[in-house]
Amino acid sequence: MFTGIVEELGEVVKAGEAFLAVRGPLVTSDAGLGDSISVNGVCLTVVQVDGDVFTADVMAETYRRTAIGDLREGDRVNLERAATLTTRLGGHLVQGHVDGVAHIVKRTPAAEWEEVTFRLPAGLAKYVVEKGSITVDGTSLTVAHIDGDEFTVGLIPTTLDATTLGRKQVGDPVHIETDVVAKHVEKLLESAGGNR
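Position 69 of the sequence shown, counting from 1, maps to 69 under UniProt numbering, and the rest follow consecutively.
Here you go:
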């Protein structure tokens with residue numbers, strides 16, 4: 001479980017067919033085998049730590065659902081260690097289980113912030129609500145506006161500087177995780193409807 005508050009920008013050291021090695025001095029400072037680290041919102045399990053670099057195995061399902069397979073040596077990634085029982089919940093409850101890949105369709109700079117609009121993959125818009133939380137590349141954000149399969153968020157200077165979202169361009173892919181509670185409610189309502 002994560003909070004969606006990115007702790008540091010890491011750097012991909014090596015991307016193999018079934019693994020990813022990432023440099024992140026902060027997240028590796030107390031990382032051990034089996035720990036979970038969010039990489040652009042994807043929960044990965046640490047299988048090796050060598051100094052300030054951790055390696056995680058990547059499953060075929062992860063490659064199918066995410067853009068992790070597009071990462072190359074030198075790419076910057078958002079990193080967050082798993083939450084503990086004493087962690088402040090500064091964002092929202094994030095599982096690190098990506099629902100799909102969205103794309104940036106528009107960036108609108110303003111004096112003190114920037115609005116960014118994303119196009120969701122099919123079937124995810126029903127889980128996104130105005131003023132609700134959404135995770136974009138592992139970053140907990142508030143939805144400012146939703147229109148069909150597109151939603152807009154406002155990014156403050158800190159978010160623009162401290163995450164990959166300040167560097168992404170129109171057309172770039174991002175990982176989306178919607179609110180797990182909405183998905184559970186939907187399943188419960190479907191089950192209740194089938195038992196009538």
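Cβ atoms here follow ideal geometry from the backbone N, Cα and C, with glycine treated the same way. None of these values were measured; they are calculated from a predicted model.
Residue pairing by DSSP places Ser133 opposite Thr142 in a beta bridge.
Residues Val12, Val13, Lys14, Ala15 of the same chain have their beta carbon placed closer than 8 Å to that of Glu73, with the five preceding and five following residues left out of the count. About 14 Å separates the Cβ atoms of Ile104 and Ile134, ruling out a contact at the 8 Å cut-off. Under the three-pair Cβ rule at 8 Å, the stretch 94 to 114 counts as touching the stretch 34 to 51.
DSSP assignment within the UniProt repeat "Lumazine-binding" (93 to 189) yields the following whole beta strand (DSSP E) runs of 3 residues or more, N-terminal first: 100 to 109, 114 to 119, 133 to 136, 139 to 147, 150 to 155, 173 to 177. In the three-state reduction of the DSSP assignment, Glu61 falls in the helix class, which pools H, G and I. For Val153 against Arg81, the beta-carbon gap comes to about 23 Å, at or over 8 Å, which does not count as contact.
Bridge pairing for Ala56: Leu20, Val46 [DSSP]. If you compare the alpha carbons of Ser140, Leu165, Lys106, Leu20 with that of Asp70, the shortest gap goes to Leu20. In this structure, the alpha-carbon of Glu190 lies about 33 Å from that of Val58. Per DSSP, the unbroken beta strand (DSSP E) holding Val77 starts and ends at 76 to 81. In this chain, the alpha helix (DSSP H) harbouring Val27 covers 25 to 28.
Leu9 has Asn78 as its beta-bridge partners, per DSSP. Between the C-alpha atoms of Val22 and Phe54 there is a straight-line separation of about 6 Å. Of the other Cβ atoms in all chains shown, 16 or more fall within 10 Å of the Cβ of Leu120; this residue is therefore buried. In the same chain as Asp179, and ignoring 5 residues on each side of it, the C-beta atoms closer than 7 Å to its own belong to Tyr127, Gly132, Ser133, in chain order.
With respect to the C-alpha of Glu150, the residue from Arg167, Thr117, Val174 having the closest C-alpha is Thr117. The alpha carbon of Thr164 has as its nearest neighbour, out of Glu8, Lys183, Glu186, the alpha carbon of Glu8.
When DSSP states are grouped into helix, strand and coil, Ala15 belongs to the strand group. Distance between Ala162 and Arg65, taken at the CA atoms: about 25 Å.
Here the alpha carbons of Val129 and Gly148 stand approximately 11 Å from one another.
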